[in-house]
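See below for the structure under consideration.
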Amino acid sequence: MALKLYNTLTRQKAEFVPIEPSNVRMYVCGPTVYDYAHIGNARPVIVFDVLFRLLRHIYGPDHVTYVRNITDVDDKINARAARDYPGLQLNEAIRKVTETTEKQFHSDIAALGVLPPTYEPRATEFIRRQDGREDMVSLIDTLVRRGHAYVAENHVLFDVESMPDYGRLSNRTLEEMEAGARVEVAPYKKGPMDFVLWKPSKPGEPAWPSPSGILVPGRPGWHIECSAMAGALLGPVFDIHGGGIDLTFPHHENEIAQSRCAHGTAAMANVWMHNGFLQVEGEKMSKSLGNFVTINELLKEWPGECIRFAMLSTHYRQPINWTEKALGEARRTLDHWYELTEGLPGDGPMCADVLQALEDDLNTPQAFAALHELRSEAAKGSIGAARCLKASAQLLGLLQLERAAWLSWRPSAMNLDEARVASLIDARLAARRAKDFKESDRIRDELAGMGIALKDRKNKETGEIETTWEVAR
RNA sequence: GGCCACGUGGCGGAGUGGUUACGUAGCGGACUGCAAAUCCGCGUACCCCGGUUCAAUUCCGGGCGUGGCCUCCA
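All residue numbers for the first sequence refer to numbering that gives the first Met the number 0, where the first residue is 0 and numbers rise by one.
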C-alpha cells in the first residue's frame, strides 16, 4: 500500500508522490526559543518525527531531508531578554536567552525519542549570507523587484493584492478576511492584509543592514524566515510542509505568498500538513488557568516514552485532550511491551498492519491496535510476534530503551533508598516462606506507603515466588 | 461578526452505508495465603431534528455544543 497524506491545500487525503524519491524533502516550523517548550509545542515535534521515521523507512534513511528551524529573532525573545537580564546589553541578553532555551528544547525532545532533523537552521543565520544561498534579504529584494512588495516608512510590506490566489491554504478570500478584520491597520499599508517582511529596529535592538535601499538598519518579519530557510535548504518547491493548525493563517499562508511570488512557482510545498490543537484536562492551556504544562515538568513525573505514547494515541489531526489518565495508561502498556520484548533484537520483521495504518495518513491509534494484537500473541508465547512488536513499536519511536533502563526510571521528586526497598522485599519473602502473613502484609503496606507497588510471580522453572516492584501510580 | 474543525460505549480513541475496532475502567472466572500483576470471558456506543436510501453512527440540510483562526500562540 502506498503512503497517503491529508493535504490542507486540497482538504483531501491523497497518495504521496515525492518530487524525487531519492531526496524526499520536508520542512516543519520549529520553536521560537524564549521559554520552556510546552506540551502543545511537543505535538508537531513528535508527530512529524513519526512521519520522518516513516519516510526513512519507505524511501531509505539517506533519502529524506528534514528541516526544522529554530526561531531566534523575535519580539518575544527581546522582551524576555530585557526582563531576565536587565544588567546586560540587549544583544548579549538575547544570546543568553536563545542559547539556554535552545539547549533546553533539545534535551527535552531528545527525552521524547525525537530524532534530530537533517538540518536545524537558526533564523539569524539566514538573514544575510555570504555563501550565495538564498537568505531573507535577497528574498525581500526579489519580491520588491518583481512587484510583490513595497517599501513604506522603512518597512518592507508584502502586497497581497499582487497575488491572485492569496488565501488558498486557509481557504478564505481577501474580502472575507477584510470583512472580519478587527485590527487597526497601520497607516503606511497599501492594503489592510499586507504583512511585514522587514521592519526598522529601535536603538539597542538586534539589527541588520536593510534590503531594498532602506538606510536604517532593521530586522525581519516573522514569516520570511521560513521562506528563506526552506528555499535555501530544500529548494523553491519541496514535498511536505508541516506545523500546528494555528499556523495555517497567517504564517503558512504568508510563507506560501513570499516563496511562490519570489520564485515564480505554482507551489511552495506540494503537501501541507497540520496537527490539531491540544487541550489540557478538557480546558484550553493557558498560563492564567494554571494548567500550562511544559515538557520539562512533565519529564519529571513521567518517562519520555509515556509522553510520546500518549501523544500518538490520538490521530494527529484530531484535537487532543491531554490528561494524566492517558499517561498512566501509556505507562502500563509500555511496561507490558518492554516485558514481552526484553532482550530481543530490534531488527525483527515489521508488522504489515502497523505499516498500513501509518501509511494511511499516520493513523497511529490504528497502529496501536495492531501492536496490541501482537502483544496478545507475544503474551501467549510467540517469539515472532514479540520481535515484530519490538520492530514495529520502534518505527514509532517507542521501545528505544533496554528494559532495565525503562524499569529504573524514577520520578525526579522521588527520593528512594533502593537498598532498603530490596531488603524489605527480602524480609517479606522470608516472612511469607515462614507463613507469617501478618508480617509480610505489614511490610507490603510499609512499601506501599513509600510509593512502591509489589508484583509477585512464580518462577516456572524453580517454583519459587519472585517479587518485582515499581513506582505506584 | 467572518472563516474552519470537531461531537462515538463510564473514560480514552479508530473506523465504516448493512457484519468484532482497540485500550482502559467495571463485572465474572483462573491463579494467589490475601492482594497486586498476569491469563480467560463479558460491553452492543456513535449530540439533536429532518432528508436521501431496502438500510445511516457513516451521505445531504438545519440546529445545538465544544474548540481553533481572523491579534507575529504549535
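We put the CB at the ideal spot given by N, CA and C, even for glycine.
Note that the structure is a prediction, hence the values are computed from the model and not measured.
- It is roughly 51 angstroms from the alpha-carbon of G220 to the alpha-carbon of E469.
- Taking the Cβ atoms as the reference, I38 lies roughly 6 angstroms from W321, within the contact range of under 8 angstroms.
- If the five residues before and after R55 are omitted, its C-beta is found closer than 7 angstroms to the C-beta atoms of V63, all from its own chain and listed in chain order.
- The DSSP-derived three-state label of G243 is strand.
- Using a Cβ distance threshold of 8 angstroms, L277 and I306 do not count as a contacting pair.
- Nearest neighbour of D34 by Cα position, chosen from Q103, K3, D61 and Y65, turns out to be Q103.
- Here the alpha carbon of M267 sits roughly 26 angstroms from the alpha carbon of H314.
- Between the stretch 232-245 and the stretch 208-222, the count of C-beta pairs closer than 8 angstroms stays below three; the two stretches do not touch.
- Less than 8 angstroms separates the beta-carbon of F308 from that of L397.
- Residues V27 and G241 of the same chain have their beta carbon placed closer than 6 angstroms to that of F47, with the five preceding and five following residues left out of the count.
- The alpha helix (DSSP H) runs of length 4 or more contained entirely in the stretch 375-461 are, from start to end of the chain, 382-394, 402-406, 417-432 and 436-448.
- With respect to A392, W301 sits apart: the two C-beta atoms are not nearer than 8 angstroms.
- The beta carbon of R316 is closer than 6 angstroms to those of G275 in its chain, skipping five residues each way along the sequence.
- Proximity to H273 across I126, L168, G383 and V155 peaks at L168, based on C-alpha coordinates.
- For V143, the enclosing alpha helix (DSSP H) covers residues M135 to R144.
- Here T467 is exposed: its Cβ has fewer than 16 other Cβ atoms, across all protein chains shown, within 10 Å.
- Counting along the chain, T467 sits inside the beta strand (DSSP E) bounded by residues I464 to V470.
- Taken atom to atom, the span from the alpha-carbon of D61 to that of L114 is near 14 angstroms.
- In the DSSP annotation of this structure, E328 is not part of any beta strand (DSSP E); the continuous alpha helix (DSSP H) holding it starts and ends at E323 to T340.
- Leaving aside the five residues that flank L89 on each side, the residues in its chain whose CB is nearer than 8 angstroms to its CB run, in chain order, N77, A80, A81, G203, E204 and P205.
- Taking C-beta atoms as the reference points, E252 and G166 count as a pair closer than 8 angstroms.
- Residue pairing from DSSP places K283 in a beta bridge opposite Q278.
- For the stretch 186-261, the full-length beta strand (DSSP E) segments reaching 3 residues or more read 194-199, 217-219 and 237-243 along the chain.
- Assigned with DSSP and collapsed to three states, I126 falls in coil, not helix or strand.
- Its chain contains L114, L394, L395 and G396 as the residues whose beta carbon lies nearer than 8 angstroms to that of R52, once the 5 sequence neighbours on both sides are disregarded; these appear in chain order.
- Nearest Cα to P318 within the set T340, V353, M284 and L343: M284.
- For P17 against D238, the beta-carbon gap comes to about 5 angstroms, under 8 angstroms, which counts as contact.
- Between K12 and D352, the gap from beta carbon to beta carbon reaches 8 angstroms or more.
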